[in-house]
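Numbering (the working numbering), first residue to last: 234 to 468.
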C-alpha cells in the first residue's frame, strides 16, 4: 500500500511539472558558450533572437554619467547597456544544448568577463564593420583565455559591406577561425553562427563517441534519452 501511494504521488508530481521544460531532457550534450564583443555590437539582440527559453538580461538605461566613457558614434539609438550578463539556451540538431552567456562590451567590465567565461568551451565574437578595430581587444582576451572562437559580423543597416576574405584580412584571423556574416535579428542566419562555433569547438575536443553536428540549421529539437555535459580539459 505504501508503494502504491508513493507511485501515485510521483505521477501527480510529474503531471504538475509537465510542460515547464527549463531543464534539458536526457540524452543531450550540454555546452557553455560565451557571446561577446565590443559595446553596442548586438550581443543581447542575438541571444534574444536565438533563445528557446525566456532570456535573462541585465540591461540598464544609459545616463549622462557614462557620456564621457561609452562611445556612441554609429549608435544613435543606443539607450540601454548590459551591466552583468545575458543568458539564453538553444537546442540544435544532434541533441546539442547550447547555453549562451552574453558579456558586457565596455572595457570597464572586462574583469567580469573572466568570471562569465569560466567553464566555457568557446566564444562567439560579434563585430561591426563600422568599428572593426574595437573587436581586437575582445579577441585578444578570448585568445588569452585559451578559448576557441568564431567571429560573427553583424550586418547593421547602412553599414559597409565586405566579402569574407576582406574581413578576415582586416581582423587578422587564423585560417581555422570560422567567420560568418549575419543579421542578429534574423533567427535562421544567427543559428548558423552558433553551429559554426559548435563545430569548431567539437573538432578541438576529444569525443567518445565522436559527435558530428549537422551543418544545416533546422527547428531546435526538444527531447531525447541520457545527459552528457561537455567539459573543458582541466589542464
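Where a beta carbon is used, it is the ideal one built from N, C-alpha and C, also for glycine.
Bear in mind that the values here come from a model prediction, so they are computed numbers and not experimental data.
Query raised in the report: What residues are listed by DSSP as bridge partners for residue 334?
Result: When DSSP reads this structure, residue 334 sits in a beta bridge with 267 and 320.
Query raised in the report: Do you know offhand how far residue 326's Cα is from residue 411's?
Result: Their Cα atoms are separated by approximately 19 Å.
Report task. Within 10 angstroms of the Cβ of residue 347, are there 16 or more other Cβ atoms? Answer buried if so, exposed if not. Result -> With fewer than 16 neighbouring CB atoms inside 10 Å of its own CB, residue 347 falls in the exposed class.
Query - Minimum C-alpha distance to residue 324 - residue among 419, 406, 357 and 283 - result: Among 419, 406, 357 and 283, the Cα nearest to that of residue 324 belongs to 283.
Query raised in the report: I think residue 321 touches residue 278, with their Cβ atoms under 8 Å apart; what is that distance to the nearest whole Å?
Result: 11 Å between Cβ atoms; not a contact.
Query - Separation of residue 373 from residue 357, as counted between CA atoms - result: Rounded to whole angstroms, the separation of the alpha carbons of residue 373 and residue 357 is 13 Å.
Query raised in the report: What residue from 417, 419, 413 and 420 has the CA that sits closest to residue 433's CA?
Result: Checking every option, the nearest Cα to that of residue 433 belongs to 413.
Query raised in the report: Do you know how far the Cα of residue 383 is from the Cα of residue 334?
Result: Their backbone Cα atoms lie some 15 Å apart in a straight line.
Query raised in the report: Within 10 angstroms of its Cβ, does residue 272 collect 16 or more other Cβ (buried), or is it exposed?
Result: By the Cβ-count criterion, residue 272 is buried, with 16 or more other Cβ atoms from all chains shown falling within 10 Å of its own Cβ.
Requested in this report: Tell me whether the beta-carbon of residue 359 lies closer than 7 Å to the beta-carbon of residue 387.
Outcome: For residue 359 and residue 387, yes; Cβs fall inside 7 Å.
Requested in this report: From the DSSP output, in three-state form, read off residue 262 for me.
Outcome: In the structure shown, residue 262 falls within a strand segment according to DSSP collapsed to helix, strand and coil.
Query raised in the report: Considering residue 358, what are the terminal residues of the beta strand (DSSP E) in which it resides?
Result: Where residue 358 is concerned, the enclosing beta strand (DSSP E) stretches over 355–360.
Query raised in the report: Can you give the beta carbon distance from residue 345 to residue 337, rounded, assuming they're within the 8 Å contact cut?
Result: Sure, about 7 Å apart at Cβ, within 8 Å.
Requested in this report: Could you check the C-alpha separation between residue 276 and residue 421 for me, to the nearest Å?
Outcome: Answer to the nearest angstrom: the Cα atoms are 16 Å apart.
Query raised in the report: With respect to the beta strand (DSSP E) encompassing residue 412, which residues constitute its N-terminal and C-terminal limits?
Result: Under the DSSP assignment, residue 412 falls in the beta strand (DSSP E) whose first and last residues are 412–415.
Requested in this report: Drop a sphere of 10 angstroms on the beta-carbon of residue 381, count the other beta-carbons inside from all chains shown, and report buried for 16 or more, exposed for fewer.
Outcome: Residue 381 is buried by the Cβ-count criterion.
Query raised in the report: Using a Cβ-Cβ distance under 7 Å, would residue 347 count as near chain B?
Result: Protein chain content of the structure displayed is limited to a single chain, and chain B is not contained in it.
**Report entry** Residues that DSSP places opposite residue 375 in a beta bridge
**Finding:** Per DSSP, none; premise fails for residue 375.
Requested in this report: Go ahead and pull the three-state DSSP assignment for residue 392.
Outcome: Residue state, collapsed to three classes: coil.
Query raised in the report: Buried or exposed: which applies to residue 396, given that a residue is buried once 16 or more other Cβ atoms fall within 10 Å of its Cβ?
Result: Residue environment: residue 396 is assigned as exposed (fewer than 16 neighbouring CB atoms within 10 Å of its CB, all protein chains considered).
Query - residue 447 in three-state terms, based on DSSP - result: Low per-residue confidence applies at residue 447: pLDDT is 47, beneath 50, and the placement is therefore not dependable enough to give any value.
Query raised in the report: Is the Cβ-Cβ distance between residue 280 and residue 319 less than 7 Å?
Result: In this structure, the beta-carbon distance from residue 280 to residue 319 falls below 7 Å.
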